[in-house]
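Quick note on my numbering: the sequence shown kicks off at 157 and runs consecutively. Even glycine gets a Cβ: it sits at the ideal position worked out from N, Cα and C.
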Amino acid sequence: MRIKNTSTQFGWVSIVNHWVTAVLFIGMIALGIYMGSLPKGPERSDLYDLHKSIGVIILGLFFFRLLWLKLSPNPESLSSTRFEHILAHSVKGLLYLGLVLMPLSGWVMSSSGGHDVAVFDWFVLPAIVSENEGLHEAAEEFHEILGELILPAIIVLHIAGALKHHYFYKDATLNRMVGKE
């Protein structure tokens, strides 16, 4: 398998980035929902620290993905109609937006609540905004709605599209993302 993408195949860098990001992103949604159900205490605090660290990693993977797209553009879409092509790109664009908005809204939420964003005790991000209770509550609400309602729906659409291509169209869309085509 090649490192870089070709006009018909994804390279291993894109494939690894896709699957690592997908697992982390879906795991973060589940972790966020679980954390919200916990009472305040050491377990919840430790999970919040982990959640913030992984969120920063996801944001870094997203910016790496953008750089990699400039160096190694994705293969052509295998969508069979213009509508499907537009839908696929729209869903991917919304996922990309989520990969930015979730970590950024979490960072704003932490900063406006007076909390640090430490990344695995490696470093601490500077506060992105100053403490502000109103902003904190707004960022928290945005983060929660995006993570519990909007992004799960977009992820389901993305997965449904891949499965439709694989099982109904029997094309290489899904196989390309697992390194088989």
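Within a Cβ cutoff of 8 Å, which residues of the same chain sit near Glu304, ignoring the five residues on either side of it in sequence?
Ile185, Gly188, Ile189
Determine, using beta carbons only, whether Leu291 and Ser268 come nearer to each other than 8 Å.
yes
Given a cut-off of 8 Å on the beta-carbon distance, is the pair Ile214 and Leu180 in contact?
yes
Which of helix, strand or coil does DSSP assign to Val285?
Looking at Val285 - three-state DSSP - the assignment turns out to be coil, as it is neither helix nor strand.
Using the Cα positions of Ser209 and Ile159, report the straight-line distance between them to the nearest angstrom.
Going from the Cα of Ser209 to the Cα of Ile159 covers about 28 Å.
Restricting to Cα atoms, I'd like to know which of Phe298, Glu300, Met265, Phe276 is closest to Ile284.
Met265
List the endpoints of the continuous alpha helix (DSSP H) containing Ala328.
According to the DSSP assignment, Ala328 belongs to no alpha helix (DSSP H), since it is labelled neither H nor E.
Examine the Cβ distances between the segment 314-334 and the segment 275-284 and report whether three or more of them are shorter than 8 Å.
The answer is no - the segment 275-284 does not touch the segment 314-334, with fewer than three Cβ pairs under 8 Å.
Output the residue ranges of the beta strand (DSSP E) runs that lie fully inside the segment 209-270 and measure 3 residues or longer, sorted by chain position.
Runs found: none.
Three or more beta-carbon pairs under 8 Å between the segment 164-175 and the segment 195-204, yes or no?
no
Buried or exposed: which applies to Ile310, given that a residue is buried once 16 or more other Cβ atoms fall within 10 Å of its Cβ?
buried
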